[in-house]
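Below: the structure, in structure tokens.
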Amino acid sequence: MSITYIEGNTKPEGSKIGIVVSRWNSAITDRMLDGALKALKGNGIKEEDIIVTRCPGSFELPLAVQSLLDSKPLDGVIALGVVIRGGTPHFEYVCDAVTRGIIDLNLNSKKPVAFGVLTTDDVKQAVARVGDKGNKGGEAALAVLEMISLQRKLNH
Ligand code: DLZ
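Take any residue in the sequence shown, note its place counting from 1, add 8, and you have its number in the working numbering.
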């Protein structure tokens, strides 16, 4: 008897990827988008296989992702948003809603939806997570690619 190891990789060939970007804190979400596109293209995803769409805020991400999945033949979606605490109770509501919405989408659609949503105390913390090194949009893109690859191995 030996152990069976099954792992995905970040180069699932021919994948079609959607990206939904929240407009709130767009100076930061646009940098996450840049990081996600760089990671996708660096792992062999063709430009014609990438669809980018936008929604008003992180609260709207789950519905926007669901609509995108319903309308296009995608293998996975990357949801990008930035929620900044800023002394408002909205922070908790928006974070709870988007987190629950995205996990529900993963399980109900059976397609990987990456949680590229920063939840920070201030703008400085958010900016620190979207630099050329350690860009969280890029990390979310790699997560979706690995999950597509893993699903292909498990489901074939
Ligand atoms: C209302 C709101 C607030 C206060 N803060 C943020 C935020 O930091 N990041 C974000 O993505 N969206 C925020 N929003 C907007 C909500 O996500 C949503 O767009 C509105 O409540 C309208 O449904």
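Positions of the beta carbon are idealized from the N, C-alpha and C atoms, including for glycine.
Given a threshold of 16 other Cβ atoms within 10 Å of its Cβ, counted over all protein chains shown, does residue i qualify as buried or as exposed?
i, result
"Arg-39", "buried"
"Glu-154", "buried"
"Ser-66", "buried"
"Ile-11", "exposed"
"Ala-136", "exposed"
Should residue i be listed as close to the ligand PLP, given that the test is whether its C-beta is under 7 Å from any heavy atom?
i, result
"Ile-92", "With respect to small molecules bound, the structure shown includes the ligand DLZ and not the ligand PLP."
Find out if the Cβ-Cβ distance for the pair residue i, residue j is shorter than 8 Å.
i, j, result
"Ala-149", "Ala-122", "yes"
"Ile-25", "Gly-84", "yes"
"Lys-132", "Val-138", "no"
"Arg-62", "Val-29", "yes"
"Gly-146", "Lys-19", "no"
"Ser-117", "Leu-77", "yes"
"Leu-126", "Gly-16", "no"
Between the Cα of residue i and those of the options, spot the shortest distance and give me the residue it belongs to.
i, options, result
"Thr-128", "Leu-77, Val-91, Gly-84", "Val-91"
"Ile-156", "Met-9, Val-138, Ser-23, Ser-10", "Ser-23"
"Val-152", "Val-135, Leu-126, His-98, Asn-51", "Asn-51"
"Ile-58", "Arg-160, Leu-113, Val-125, Lys-80", "Lys-80"
"Glu-21", "Asn-114, Leu-48, Arg-108, Pro-120", "Leu-48"
"Gly-8", "Asp-130, Gly-16, Gly-43, Pro-64", "No answer is possible for residue 8: the residues shown for the chain start at 9 and end at 164."
"Asn-114", "Lys-54, Ile-36, Gln-74", "Gln-74"
"Gly-142", "Gly-16, Ile-27, Gly-43", "Gly-43"
"Ile-110", "Arg-160, Ala-87, His-98", "Ala-87"
"Pro-64", "Ile-53, Glu-55, Thr-37, His-164", "Thr-37"
"Gly-89", "Glu-55, Thr-107, Arg-160", "Thr-107"
When DSSP builds the beta bridges, which residues end up paired with residue i?
i, result
"Arg-62", "Val-29"
"Gly-124", "Leu-88"
Is residue i close to chain D, meaning its C-beta is less than 8 Å from at least one C-beta of that chain?
i, result
"Ser-79", "No chain D is part of this structure, which consists of one protein chain only."
Are there any heavy atoms of the ligand DLZ lying less than 7 Å away from the beta-carbon of residue i, as far as the coordinates show?
i, result
"Glu-100", "no"
"Ser-34", "no"
"Gly-145", "no"
"Thr-96", "yes"
"Ser-75", "no"
"Pro-64", "yes"
"Glu-15", "no"
"Gly-89", "yes"
"Phe-67", "yes"
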